[in-house]
Amino acid sequence: MNRATVAAFGRAVVAEWRAQNVTFMAASLAYYAFISLIPLSLVALAVGTTVFGEEVAEFVVVTTQNVLTPVGQDDLVATLLAREGRMEAFSLGTLVLLWSGLKLFRSVDIAFERVYRSQRRPSLVRRLFDALTVLAVIATAAFAVVLLGGLLPSLPGIPLASVVAPLGLTLALVVVFLPIYYVFPPTELSVREAVPGAVVAAVGWTLLTALFRVYALASGRFELYGLLGGALVLLTWLYGAGIVIILGAVVNAVLSGRTSDDAEETESPPGDDDGPAPDITSLERDLRALESDVDARTVDKSALERELKRYVRGRLRRGHARGWGPYLVLLYGTAMTLGAFYYLRGGWAILAMVVLWLSTLGLYVLMLLVGVSFNALGLPGRAVQWVRDRRT
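As numbered in my numbering, residues 36 to 427 make up the sequence shown, in order.
What follows is the structure in structure tokens.
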């Protein structure tokens with residue numbers, strides 16, 4: 036692959052990135068992944084602390100010492116050892132986990148359908164199979180990140196552990212992500228065609244993990260942030276992870292040539308040009324008939340303008356928020372927050388407040404800020420492209 040081919044491939048990936056609005060789809064994945072992790076953690080910690088007590092708290096603190104600040108670790112220990120509100124947290128976490136998990140799986144399906152520009156709707160059995168695949172992949176990826184990214188560098192007796200750990204994590208994640216890029220695309224792919232996307236996702240996740248560890252060390256040194264800051268950083272990390280996963284799908288789609296609808300074949304088969312030349316008089320007669328038909332089908336300009344204005348006004352009205360939906364969302368957040376502070380105590384109440392706030396208005400504002408930031412970062416590239424278009 037020469038330099039021109041690499042440049043053309045890069046331009047195709049960037050064009051597909053912009054056409055499919057990858058950052059918006061990644062925000063959707065981050066939202067549902069975040070509200071899936073929180074109830075999953077609530078359920079797991081409620082069960083673990085009830086059965087094992089302080090042993091679970093010590094294990095969690097040791098495991099997360101590279102990704103949590105000291106303030107966050109203290110809050111986590113206090114929350115784990117609190118006995119009030121465990122049953123309520125378990126029930127609420129289970130319900131929210133089921134809902135957010137289904138939404139997460141469907142969001143991944145929609146993202147791959149948009150990247151491959153497919154109109155096919157998978158069956159219920161296929162969706163369940165995809166959901167189970169993603170669930171297994173997420174669990175395995177989380178285990179690999181914790182084991183290879185956090186525990187392996189601290190083990191004694193392993194030469195070059197700081198170098199072996201990232202390489203081992205990357206290879207493990209390639210194997211973990213390969214089923215996603217093989218199962219989720221709405222078109223048939225071979226294992227070889229799915230490998231590039233898995234490699235891109237694995238390298239991206241490894242870099243994100245390293246950046247996350249650097250943040251934890253820096254914030255621990257300066258004693259910045261707390262539980263809320265850790266939640267926001269985790270949400271940002273999930274947003275970056277969603278971008279990496281969709282970027283892998285874009286790379287596979289570009290490499291396999293499935294980024295645009297296949298055009299119909301226009302070349303005539305061999306042997307069709309061997310017949311006699313067509314009659315000129317017959318062609319003129321057909322042309323006049325075609326002109327008459329086009330004139331008969333031509334619409335009036337004023338009528339067309341009226342229809343277009345009516346359509347545009349309808350689309351604009353459809354894009355605005357209507358009805359009681361936004362008010363019900365805000366009412367839900369307010370009622371659930373008040374209920375959490377009334378029925379829960381201590382760290383569980385604070386954690387419930389964070390979940391509810393981030394799942395309504397706060398998450399929308401955060402995603403809006405992140406989206407504006409990414410658009411601002413892309414301004415220099417768009418300016419350079421605009422100058423090149425002007426020169427050509």
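Positions of the beta carbon are idealized from the N, C-alpha and C atoms, including for glycine. Given the structure is predicted, the values throughout are model-derived calculations rather than measurements.
A Cβ-Cβ contact shorter than 8 Å links A146 with I281. Rounded to whole angstroms, the separation of the alpha carbons of L269 and Y151 is 29 Å.
If you draw a straight line from the Cα of S291 to the Cα of F212, it is about 18 Å long. The Cβ atoms of V209 and A229 do not sit closer than 8 Å to each other. For the pair G239 and V286, the CB atoms are not nearer than the 8 Å cut-off.
Within 10 angstroms of the beta-carbon of L243 lie 16 or more other beta-carbons, which makes it buried. Look at R323 here: in three-state DSSP terms it is helix.
For the pair Y217 and V226, the Cα-to-Cα distance works out to about 6 Å.
When the beta-carbon positions are compared, L379 and A387 come within less than 8 Å of each other.
For L414, the enclosing alpha helix (DSSP H) stretches over residues 414-426.
Note that the C-beta distance between L204 and T241 is below 8 Å. Cβ-Cβ separation between S135 and S63: approximately 12 Å, too far for a contact (criterion under 8 Å). Rounded to the nearest whole angstrom, the C-alpha separation of V390 and A42 is 43 Å.
Rounded to the nearest whole angstrom, the C-alpha separation of S142 and R423 is 36 Å. In the structure shown, R248 falls within a helical segment according to DSSP collapsed to helix, strand and coil. Nearest Cα to T40 within the set V289, V329, V160, P201: V289.
Rounded to the nearest angstrom, the gap between the Cα atoms of F69 and F140 is 13 Å.
In the three-state reduction of the DSSP assignment, R380 falls in the coil class, being assigned neither a helical nor a strand state.
Taking all protein chains in view, the Cβ of P221 is crowded by 16 or more other Cβ atoms within 10 Å, so the residue is classified as buried.
In the three-state reduction of the DSSP assignment, G232 falls in the helix class, which pools H, G and I.
Only exposed fits Y346, as fewer than 16 other CB atoms lie within 10 angstroms of its CB.
Residue burial annotation: E51 is buried, with at least 16 other C-beta atoms found within 10 angstroms of its C-beta. The beta carbon of F219 lies closer than 7 Å to those of V143, D144, F147, D165 in the same chain, with the five residues before and after it left out.
Around the beta-carbon of T58, 16 or more other beta-carbon atoms lie within 10 Å, marking it buried.
A distance below 8 Å between beta-carbons, with the five flanking residues on each side excluded, links A284 to the following residues of its chain, in chain order: A146, F147, V150, Y151, Y216, F219, P220, G232.
Taken through DSSP and simplified to helix, strand or coil, P221 comes out as coil.
In the structure shown, R152 falls within a coil segment according to DSSP collapsed to helix, strand and coil. Here S408 carries a helix assignment [DSSP, helix/strand/coil].
In this structure, A245 lies away from P214, with their beta-carbon atoms at least 8 Å apart. Between the alpha carbons of D330 and A338 lies a gap of roughly 16 Å. The three-state reading of DSSP puts S63 in helix, counting H, G and I together.
For T369, the secondary structure class from DSSP, reduced to helix, strand or coil, is helix.
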